[in-house]
Each structure stands twice: as structure tokens, then as C-alpha cells.
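> Would you mind keeping the following structure in view while I ask a few things?
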Amino acid sequence: MDAEGTYDASGTRADHVPRRPVPPQPRHAPPKPRHAPQTARGPVVDWLRTPRPAADPGVWRMGHQPRPAEEPDRIPARRLFAGALIALLSGWLLWSLLWNGYLGSYWLWPLLVLTPDTWRSDPELWAFASYTYYAIVGGGFLVFFARLGHLPEIWRRSTRRTRGATPPPPPRRPEADPAEWPDLRTAGLTEAAARLAAEMKSGALGDVDYARIRRAWQSVRSRPERLPAFTDAVRDHGAAACAHPSGLRDLPVRTATHDLATSQVRIGTAADHPRNPYARRTTGVALSPALLGTSLLAVGPAGSGKTVHLIRPVVESLCLQALANRAAVVAVTAHGTGLAPDESFDVVVAVGRPDSTHDLDLYGGADDPDEAARVLAEALVGDIGDSRRAATALAQLIGPYRSVHGRFPAVPELRELIGGAPAALRELRTALEAKGAAAQLRELDARERQAERGDSVGDLLAERIAFLDRPAFAEFFRTDGEGRQFSLRAVRHPLRVRIDLPERGHAEASRIVARLLLAQFTEAAAARTDRSLFACLVLDDATHTVTADAVRGIQQLRSANAGVVLALRTLEDVPEQLRGPLLGAVGCRMAFAGLAPWDGGRFAELWGTEWVQTRDVTNRQIISDEPFTKAVHAVRRLVTGKATTQEAITVREVERERWSASELAHSVPPGHAVLSLMSVRGEHAPPLLVDLRG
């Protein structure tokens, strides 16, 4: 019984998943998963028991401590201690004057009124009453001047500094302890829960194992008929149950901080900056499928950190979630970028390189000629105009070709047909006549008539297809069934795929392939019947890949449990008429340091304005001619270093831009970015200045 295949997402059995022709275990992969995730300081049990309170979108929830919504009124440390010193000296001076009788004996009248006359004739009784009165008065002086000098605030600050690390949470009862698998115990699977808990405590069960088994259990709850297979798998394999088709239980290398209990990856820390809401300052910033499901657009110049600080952590997180049977990821990057090692992926397609283990399906696994033509036309001419005429021209050729040969034409054959080669067209017509395909003959006749017009789209298609019909791609985009092909239709499986593009020697061909992948992904993700897996396409360089159809496709991904991550050097790489729609189609936007002012203007307009409270403070120096007041002002200036002034504060509410174009272009420090987020449920997070180096 194939237990692993019965409770995974539909169609995720190992024999249906493309595999690389390498041993199932990488040479450098550890035989066991890490005993603890890199986010934890102790074993997986401690990691799992760490509190994860509910928080706003993008907040790193593991160990998060909520902050107050508004900044409390804080006195600077110098003024605080100077005021305490002045209050202490003032209290000591006043007490000395009273004790030594320089201010007379009027302050003793409560003692004389409250005590009988007979007490003054008894030395011991009078001494007791006097010192008790002195203690009460002295204590009152101490409390008054201590509060005047803000000593309670000094005590609170010093206590916070010396408090040390937060103590670990108290042990939980088994029915409330996530490390004891309470859901399984409630369902009566006590034996399975006990084994998993024991392996977790021993370190044999890692964070990926926990996420993978939790995913399988959720599938069992939605489909109870899978319960026997789940129980057998846990009994037979323990922590290795419900395995990923590759058999791997962790990545060979982790470079980012992950929390698979919440599917989050930490990318930075919200800066302690006035532009950030006080409640978000110094909190961790993380991404998850709930946010990436609205798609993400990152814009920043080369060297600003898009690949290192964003693309790499996101791809690594999605690969971990794929190993947990939660996600499918396709990462598209230039060859040699070093996005992640080959061992981190199930499929690596190196377009144009002889050492590539897989080929790329030019038609995306489509069976319908019209669908295949529409996607291919989008890749070939979608960046320069309307692709509908091109799709019609392609369908008029690949449809008849498929009816004759049972497959779509390869690149050289398609180039001959679209270019109007007489021999290729005559051979196709003869085959159609012999088959009696009247409908296909009409399609071919229509294409030949349109080719005679001066504005035929065939010449443009032939020029674009020529970029793919190069010797470097002779073994790629084959349709004869030879080789190991990868199709974007496979995103219904928990796959980890990396596609390397030959940007250095074939820049235009790389852009065509990138547009092809984006079009195929939006088509395949929306066509899935089982959308329980989160599917994500990551384009490390989306230059000249965004088209009108691509923007419409991105808008549909949110309801299909899918998303794309697009990285651009500048919005100028997107047609002008599509820049606004693209920014509106994605839910998460990220502006890196070094952004051009005209790009910053687009983000500033998108993020809009907000009402803020401003305080106008006017200081007027106080000048006095009285000797005592002048002396007090001199002492205060000596202690604080400032002249005595009187403040006039005007508070008002004004509307201002959250981030202006100038601030985005010139005020974002290196290694930082401004990030706004939105979840698939519609929750928003305002644009935050994020330190990506933390």
C-alpha cells in the first residue's frame, strides 16, 4: 500500500513527479534532519512551544512581544538624572534648613497641637513623639521630592536593563502542548502521537517533519478515508512518514531564518524610524504564503540586495514547504546566479546548456491548439503589442500540424511554417488532403491568405522564433517525446524547480522564455482542480516579461492559491501603460534603496497619504532680574547645559505622504527597503522601512 500517496495532494505520488537522473539522496545531504531549526536555540520541542501570538500581516510571530500602539512620553536620560539630582539637593537643602532651625519652628506646630502638654514634661515620651514626627515629615519630603525627580521612572528603566532573558514558559499539559500532538490524541491515535512526541524529544523529528506530518493530518481531517494509511505510515516510519516524493527531509543548506509552524521566513527587522508606526518598530518582518498569495513586486537597482535579501530567502522557504508537501515553487534566474545549490531542487532546467537534465515544454503541456498558441504568442510578441493576432496565426499552423503528426511542431519546424517556407507548407497541405481534414485545410488556407497581406504578423513571429532556433538550443524545446521534459502543469505536485536562463549570450531568447514561463504558470495555476498546494513562480529578473495578459493572469492567482514574485531594476522595464496596472495587481510592493525618483513617484502615489499629528514647539528664553531666580537658572544651565526656556506647544493634524518620491530615492539607507504588505484575506500593513541586514 502506497501510504505516502494517499493523503498528499491529488497527483503528488512519487511516480508522477519528474525526477532528476541523480541518486535520490544528495552526496552532502545529512542522513537525518537537523535536530532543531535554525530559528531555535534548543531542540525542536522548545521551538514548537515558543509562543506565536496573532499579529498584523508581515510580523515575525515566533516569540513576538506586542508593543504599545503609541510611544509613551519619555524623558531623555540626561534630563531624567539631572532632575533627580536637583530634586535630591533641593530636598536635602530644605530639610537642613528646617532641622537647623533657620526657617523657625513654625513647622513643629502640628506636633505641639497633636500631643498633650503632659508629654513635654516626660523626656522619653517627648523624644519618642518628636522623632516619630520627624520621621513622618522626612518621609513625606522623601516621597515628594522622589516623585518630583522621577525616581520611579529611573527604577523602572534600571529594572528593565537588569531583568535579563525572559524565563521559559511553564510546562503545558499534554492536551495543550503542541509537542505532544494533542490533535492526534483527541482523535484516538494515542500510539501514533506518543511515537511522534518521543522522536521529537530525541531529536529524530525535525521542523520539516513536523510541518509535513501536520499537513498530512490536515488532509486526513478533510478526507477521513485516508486515516488508515496515515496511521500505518506513522507506525511504520515515525518521523519519516508522509515523505516528500524525493525522500528528502531537509535542505542541505539553510541561509535564512524559518518558522515552519507558521510558514514564515524572516527577511529583516522594522527599523526604529519615525516613518514606521510605533507598534511595528524593532519587530521582525516575515513573508509567508498568506502574503505571497497576493504576489510581490520588488524594484531596486542592481546591487541593492533583491536577490540576497529577498529572492534567496523566499525560494529557500518555499523549498522547505515543498518538502513538507505544502507548496510548489519554480525559481527562474540567470545561469550562475547561485540562487541555491542544485541539491535543493528536484528539477534543474539549464536552458541552452548540454549538462541540463531536463528539457522545457514549449507548449506547457497543453492539448488544445488554441490554448498552446495563445501562450506561445504571449511569449513571442506580448511585450510589443497585442498578441491576439499572433495567437490566431500560430493556431492556424500548429493545429493542422498536430492533426497530421500527433504532436505540436518543434522550433525549427514552426519557424519554417510561420515563415511561409513553400516546401513545409506544401508537405503539410498534402498530408491534410490525404487525411481528409477539411477543417484543418480551411485553417491553412486562411493562414496563407493572411500571409500575402503587407501587415501580416507572420514576419514578426518568424523573427522572434529565430531567437530560439539557435544551435545552443538545438536539443531544447523538443516535441518528439525524446528526453526528459518539464512542464509547468507539474505545479500540482510539491515540486522544487529551478530554471536557469542564458542571459549573457542570449538575452532576447531568455526574455522570451521568461515570458513563456510566466504565461504558462498563470495558465497552469488557475487550471488546477486541487488548489491545496500553494504554487509560486519567482522571477529573479522580470525585465521585459510583464505584458497585459500577464497582469490579468496575476490578478487571478490570488483565488487559485498561487502567486508570483517579480524583481525589477526599474519600472522603466515595464511598458508605461502597464506600470500602474502592475502595481495595482500585486498586493505586496517593495522599494529598495537607490530607487530612481520617477520610480519612487509611482510608489508614493500608490501608498497615498495619511493623517498625522504634528507638534510645533516654540521656545522662549526666560530672563529674570531677581537674584535668587537668576541663581536657580544658572544652576539649571550648569546641570542641563541649556538655558531656561518656556515652551509653547501647538498640536495639529495634517495630511502628508506616507513616503514621498524624494524620500524613497534619497532617504532609504543601504541594505534597507520600504515594504507594504497585503494578505489574501485583505489585511493591510502600511509601508514599513525594513532593515534587511538584521
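Just so you know, we're using UniProt numbering here: the sequence shown kicks off at 1 and counts up by one. Beta carbons are placed, not taken as given, at the ideal position from N, Cα and C, and that holds for glycine. These figures come from a predicted structure and were not determined experimentally.
On the DSSP letters alone, give me the boundaries of the alpha helix (DSSP H) that residue 258 sits inside.
From DSSP, residue 258 is part of no alpha helix (DSSP H) but of the beta strand (DSSP E) over 257 to 259.
> Going by DSSP, name the residue or residues bridged to residue 264.
Residue 264 pairs with 259.
> Just checking, does the segment 677 to 686 make contact with the segment 612 to 632 on the three C-beta pairs under 8 Å criterion?
Short answer: they don't touch.
> Run through DSSP, which three-state label would residue 64 get?
Of the three classes helix, strand and coil, the one that applies to residue 64 here is coil, per DSSP.
> Is it the case that the Cβ atoms of residue 154 and residue 205 are separated by a distance below 8 Å?
No, the pair does not count as a contact, with Cβ atoms beyond the cut-off.
> What separation, rounded to the nearest whole angstrom, lies between the Cα atoms of residue 543 and residue 572?
Looking at the two C-alpha atoms, the distance is approximately 9 Å.
> Which residues mark the beginning and the end of the beta strand (DSSP E) in which residue 690 is found?
Taken as a continuous stretch (DSSP letters only), the beta strand (DSSP E) holding residue 690 covers 684 to 691.
> Use the C-beta contact count for residue 521: other C-beta atoms within 10 angstroms, 16 or more gives buried, fewer gives exposed.
That one is buried.
> Could you work out which residue in 235, 141 and 132 is closest to residue 184 when comparing CA atoms only?
For the residues 235, 141 and 132, the minimum Cα distance to residue 184 belongs to 235.
> How many Å lie between residue 686 and residue 316 at the Cα?
Distance between the alpha carbons of residue 686 and residue 316: 26 Å.
> Count Cβ pairs between the segment 437 to 449 and the segment 393 to 413 that sit closer than 8 Å; are there 3 or more?
Touching, per the Cβ criterion.
> Can you grab the Cα-Cα spacing for the pair residue 385 / residue 672, in whole Å?
Rounded to whole angstroms, residue 385 to residue 672 spans 36 Å at the Cα level.
> Let me know if residue 630 comes out buried or exposed under the rule of 16 or more other beta-carbons within 10 Å of its beta-carbon.
Classification for residue 630: exposed.
> Can you tell me whether residue 309 is helix, strand or coil according to DSSP?
Residue 309 falls in the helix class under three-state DSSP.
> So, at 6 Å on beta carbons, what are the nonlocal neighbours of residue 239 in its own chain, with the 5 sequence-adjacent residues on each side left out?
So the list reads 199, 204, 205 and 209, once near-sequence residues are dropped.
> Can residue 373 and residue 394 be called in contact, C-beta distance under 8 Å?
Going by C-beta atoms, residue 373 is nearer than 8 Å to residue 394.
> Have a look at the DSSP bridge pairing and note the partners of residue 563.
BP columns for residue 563 point to 536.
> At 4 residues or longer, and completely inside the segment 391 to 459: list those alpha helix (DSSP H) runs for me, N to C.
The segment 391 to 459 contains these whole alpha helix (DSSP H) runs: 411 to 418, 422 to 435 and 438 to 451.
> Taking residue 549 as the reference, which of 324, 493 and 381 has the closest Cα?
Checking every option, the nearest Cα to that of residue 549 belongs to 381.
> Under the rule that 16 or more other beta-carbon atoms within 10 Å means buried, what is residue 100, buried or exposed?
Per the 10 Å Cβ criterion, exposed.
> When you compare the CB positions of residue 562 and residue 525, do they come within less than 8 Å of one another, or not?
It is a contact, given that the beta carbons lie within the stated cut-off.
> Classify residue 47: buried if its beta carbon has 16 or more other beta carbons within 10 angstroms, exposed otherwise.
With 16 or more Cβ atoms within 10 Å of its Cβ, residue 47 is classed as buried.
> What is the DSSP secondary structure of residue 486, reduced to helix, strand or coil?
Three-state DSSP puts residue 486 in a strand.
> Rounded to the nearest angstrom, how far is the Cβ of residue 425 from that of residue 324, given a contact under 8 Å?
Wrong, their Cβ atoms sit about 52 Å apart, outside the cutoff.
> Report the option in 367, 342 and 370 whose CA atom is closest to the CA atom of residue 357.
Ranking 367, 342 and 370 by Cα distance to residue 357 puts 342 first.
> In chain order, what residues of the same chain have a beta carbon less than 7 Å from the beta carbon of residue 681, not counting five sequence neighbours either side?
If we look at residue 681 and ignore the five residues flanking it on each side, it has no Cβ neighbours.
> Using DSSP bridges, identify the partner residues of residue 144.
Paired residues: none, contrary to the question.
> DSSP three-state call for residue 674: helix, strand or coil?
Here residue 674 sits in strand by DSSP.
> Would you mind sorting residue 553 into buried or exposed? The rule is 16 or more other CB atoms within 10 Å of its CB.
By the 10 Å Cβ count, residue 553 comes out buried.
> If you follow the alpha helix (DSSP H) that residue 468 is in, where does it begin and where does it stop?
Careful: residue 468 lies outside any alpha helix (DSSP H) and carries neither H nor E.
> Note down, in chain order, each residue of its chain lying with its Cβ closer than 7 Å to the Cβ of residue 404, except the 5 sequence neighbours on either side.
These residues qualify, in order along the chain: 428, 431, 432 and 435.
> Roughly how many whole angstroms lie between the Cα atoms of residue 377 and residue 271?
Cα to Cα, the separation comes out at about 45 Å.
> Answer with buried or exposed for residue 366, where buried requires no fewer than 16 other C-beta atoms within 10 angstroms of its C-beta.
Buried.
> Going by the beta-carbon positions, is the gap between residue 496 and residue 250 smaller than 8 Å?
No, they are not a contact pair.
> Okay, do the segment 594 to 606 and the segment 656 to 673 touch, 3+ Cβ pairs below 8 Å being the bar?
Enough Cβ pairs lie closer than 8 Å, so yes.
> Three Cβ pairs or more, each shorter than 8 Å: is that satisfied between the segment 301 to 321 and the segment 574 to 586?
Output reads no: the segment 574 to 586 does not touch the segment 301 to 321.
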